[in-house]
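All residue numbers for the sequence shown refer to the UniProt record's numbering, where the first residue is 1 and numbers rise by one.
Remarks on the structure that follows.
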Amino acid sequence: MLLQITYYDKATQTETEEEDTIEKILKAITTLCTKVDSMDNEIQKLKSKASQQHDYKNAELRRAEDGKKPKLKGDNEKLLKTHNVC
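Dropping the structure here:
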């Protein structure tokens with residue numbers, strides 16, 4: 001009878017340890033999933049900010065009058081070197 005009780009106690013102890021291990025694993029997985037979701041949200045925010053900054057940075061800023069200036073005849077819009085600089 002004593003042998004049966006010892007065996008039963010060991011089996012119960014092993015099951016309890018396995019349940020604790022499984023519970024710890026599930027908690028770790030849940031924590032990781034939560035952190036991944038949080039990181040995904042943060043990445044989306046950063047992408048949105050970067051996109052907005054890019055749009056503002058590359059926006060063409062000019063006055064309406066600048067576009068109406070007539071182009072000079074024969075102007076190739078290149079500056080010519082007029083003298084040597086030492």
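The C-beta atom is built at its ideal place from N, Cα and C for all residues, glycine as well.
Keep in mind it's a predicted model, so treat the numbers as computed, not measured.
When only Cα atoms are considered, Cys-33 and Lys-78 end up about 58 angstroms apart. The C-alpha of Lys-47 lies about 10 angstroms from the C-alpha of Asp-40. Here Lys-45 carries a helix assignment [DSSP, helix/strand/coil].
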